[in-house]
Each structure stands twice: as C-alpha cells, then as structure tokens.
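Participant:
Numbering (my numbering), first residue to last: 2 to 330.
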C-alpha cells in the first residue's frame, strides 16, 4: 500500500472530533489503528513502516490524534494515505482506539502505537495467524526494544515487555500489549472495546473480560514491532508510578491474583512490602531464560528495582484511596 495512494478529504465534525477521510467507502481486509499524542519525533518512522508492508492484504490506516505539536501537520502533508481523526484535547489511547474502530472498515483490527516501527511482514503475519487459528480471535506478537542505548529505556523495556520477548515460544497468554495486537472485528465490538478510565492497563482489563468468556489470546513471537521507550529517568519513574496505580484499579474490579488483598486494604499491608521483590525476581527469571544479553549491562538491574519501587508506591496509593465514582475511583 503506497502512502499517497488515497485522496485527501475535507474535515467534518462528529461527536467532538474532526475526521478527514482519505478514500471512498470500501471493504478492507485489515484496519491498522494508531493512537497518537505529540508524536512528531516518531510518527514518520512509524508510518513509513506501516506503508512499507509486504503483503497482498488490502488495509487502511487510521491515526487517532490529540497532539498539540506538529504531528497532524506531518500526517496531512506527508501521508495523504492516512485517515486522520483529530481530538480537540489530549485523549487517552483507549478512547482514541475505540473512536477509530467505530469508523474503520477492516475485518481485522490491527493495533500499534505511534512510537513503534513494524516489521515489514507485520500485516501479513497477523492476517495469516488469524486465518490459521480459527479458535482464536485475538492475536499478537513480540516487542523489541527500539532504543536500547540508554539504561532507562532498557529498564523500561524489561519491566513492561519481558513477558513478550521475541525469543519466547508461541503460546496462549492471558494478555498482550496494545502496541502489537489484533482482533477480529466481531470480538472487539462484542466486548465493547477498551475502558478509557484504566490507561495504561486498559488492555489488561479488556483481555481479562475476554478470557473470562473462554476466548483465547495467541502470542506469535515472529510478529514483531520495535517500541521506543522513555529515555529520561523522570519519564521512566512516573510511568511506573502510573502503572502501579492502574494495576491496583484493575485488581479492584477483577478476580486476578492479588484482587482479594486489594479489595481489603486492612490486609494489603501484609503483602505490599514484598511486591517489588516478587516482581523483580520474576522479571530476572525471564531475563535469565530469554534475554541474557541484559547481564552485559549490570546497572540496568538496580534501575529495574527502583522502577518497581515507584510502581509499588503507585499501587499502594490506589489501594488506600477512598472509593469514589465508577470502578471505585
């Protein structure tokens, strides 16, 4: 698919967003959906990889953007093949993805992020995996570290994606990251999409709901994206703090391991002090087996532990937060 293959359309207002259609109504095999916020540094390599796919599948490309930088101008001026949804204010990725799904036309919904670069066979392998696994309507793949030179980006990669390494075997898994996942349209619509209140764990909650209904989520390590991680310590620590908060929120409304204690704050203090070391030990075990290259950078391990302490702080804050509103927060 050539990035300039579709004509530009005129903006129209609908439900508070601007939608710029770039091709006439049609049926596509796949819709590639990318949420974006202030992505001017990464959107070009991302979209170049999207339009550089080696596949016979017909696919369209949607970017759901709420940037206040040059991202929308870059897309409009350089990538007329993109169908652009514009939000008037900063919007979380779950809301952005849901909005794109409502207007997308593909039979398969393929999700990635604006800070990812896709392998050239990404669309083809996603499509093939769905075709070859009739019992599964959710398929995803591995994440490769796109910026491994800094300690913070490497630590962030290993904390967040050590369960989805390219050296792992194909398997049925409880969840997959939204930077490298696909759904048959009917399954996404059946379960109502992502909960916008649970970013950055909206995928974890959505996949829990799907798994509870007996659906299988399949991990294919050959389906790969390169993800670019936060390179500053401030960004690294704040992201882990936020992850801790939302992990506790998800546990409050599910039956996942740890939910019993999270819903009983008077008991939570028993296991809270041990959480960082438990998660650190599990992460290190996966590194030993699947990513031994990390031992060439020994300073990454104390940084992982520090990140998990920030995660613990966010987790504890949410456990002891007084209930209010939907989901109890």
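Just so you know, even glycine gets a beta-carbon here, dropped at the ideal spot from N, CA and C.
Excluding the five sequence neighbours on either side, which residues of its own chain have a C-beta within less than 7 Å of the C-beta of residue 29, listed in chain order?
Facilitator: Residue mapping note: residue 29 aligns to position 28 of the chain shown, counting from 1. Short of 7 Å from the beta carbon of residue 29, and not among the five residues preceding or following it, lie these beta carbons of its own chain, in chain order: 59, 60, 61, 106, 107.
Participant: Specify whether the region 217-225 and the region 286-305 touch according to this definition: at least 3 beta carbon pairs, one from each stretch, less than 8 Å apart.
Facilitator: no
Participant: Please check the pair residue 31 and residue 117, which I expect to be a contact at CB under 8 Å, by giving their CB distance rounded to whole angstroms.
Facilitator: The residue you call residue 31 lines up with position 30 of the chain shown. The residue you call residue 117 lines up with position 116 of the chain shown. Not really, about 16 Å apart at Cβ, beyond 8 Å.
Participant: Can you list, in chain order, the residues of its chain with a C-beta nearer than 7 Å to that of residue 176? Leave out the 5 residues immediately preceding and following it.
Facilitator: Looking up residue 176 in the chain shown gives position 175. Closer than 7 Å at Cβ, skipping near neighbours: 204, 205, 208, 218.
Participant: Please confirm whether residue 98 and residue 112 have their CB atoms less than 8 Å apart.
Facilitator: Here residue 98 corresponds to residue number 97 of the chain shown, with the count starting at 1. Here residue 112 corresponds to residue number 111 of the chain shown, with the count starting at 1. Yes, they are a contact pair.
Participant: Across which residues does DSSP place residue 182 in a beta bridge pair?
Facilitator: One-based indexing of the chain shown puts residue 182 at position 181. BP columns for residue 182 point to 112, 141.
Participant: Output the residue ranges of the alpha helix (DSSP H) runs that lie fully inside the region 258-303 and measure 4 residues or longer, sorted by chain position.
Facilitator: 260-263, 266-272, 276-291
Participant: Is residue 237 helix, strand or coil when you go by DSSP?
Facilitator: Looking up residue 237 in the chain shown gives position 236. Assignment of residue 237 by DSSP, reduced to helix, strand and coil, places it in the helix class.
Participant: Could you tell me whether the region 72-84 touches the region 140-152, where touching means 3 or more Cβ pairs closer than 8 Å?
Facilitator: The region 72-84 is not in contact with the region 140-152.
Participant: Quick one, are the C-beta atoms of residue 197 and residue 114 less than 8 Å apart?
Facilitator: In the chain shown, the residue the question calls residue 197 occupies position 196. In the chain shown, the residue the question calls residue 114 occupies position 113. No.
Participant: From residue 104 to residue 119, what distance separates their C-alpha atoms?
Facilitator: In the chain shown, the residue the question calls residue 104 occupies position 103. In the chain shown, the residue the question calls residue 119 occupies position 118. About 23 Å.
Participant: Checking the sheet assignment: what are the DSSP bridge partners for residue 173?
Facilitator: Position 172 of the chain shown, counted from the start, is the residue given in the question as residue 173. In DSSP, residue 173 forms a bridge with 219.
Participant: Would DSSP call residue 107 helix, strand or coil?
Facilitator: On the chain shown, residue 107 is found 106 positions in, with the first residue counted as 1. Residue 107 falls in the strand class under three-state DSSP.
Participant: If you reduce the DSSP assignment to three classes, tell me which class residue 228 lands in.
Facilitator: In the chain shown, the residue the question calls residue 228 occupies position 227. Correct three-state label for residue 228: strand.
Participant: Beta-carbon within less than 8 Å of residue 151's beta-carbon, same chain only, minus the 5 sequence neighbours each way: which residues are those?
Facilitator: Here residue 151 refers to the residue found at position 150 of the chain shown. 232, listed in sequence order.
Participant: Apart from the five residues just before and just after residue 180, which ones in its own chain have a Cβ nearer than 7 Å to its Cβ?
Facilitator: Sequence index remark: in the chain shown, residue 180 carries index 179 (1-based). For residue 180, where only same-chain residues beyond five positions count, the Cβ hits under 7 Å are 113, 114, 117, 144, 226, 228.
Participant: Flag this pair as yes or no: are the beta carbons of residue 44 and residue 76 separated by less than 8 Å?
Facilitator: If you number the chain shown from 1, residue 44 lands on position 43. If you number the chain shown from 1, residue 76 lands on position 75. Yes. Within cutoff.
Participant: Taking the CB atoms as reference points, tell me whether residue 274 and residue 309 lie closer together than 8 Å.
Facilitator: On the chain shown, residue 274 is found 273 positions in, with the first residue counted as 1. On the chain shown, residue 309 is found 308 positions in, with the first residue counted as 1. Result no, Cβ atoms of residue 274 and residue 309 do not sit closer than 8 Å.
Participant: In this structure, how does DSSP classify residue 146 when only helix, strand and coil are distinguished?
Facilitator: In the chain shown, the residue the question calls residue 146 occupies position 145. Per DSSP, reduced to three states, the secondary structure at residue 146 is strand.
Participant: Excluding the 5 residues flanking residue 56 on each side, which residues of the same chain have their C-beta closer than 6 Å to its C-beta?
Facilitator: As a first step, residue 56 must be located in the chain shown, where it is residue number 55. These residues qualify, in order along the chain: 124, 125.
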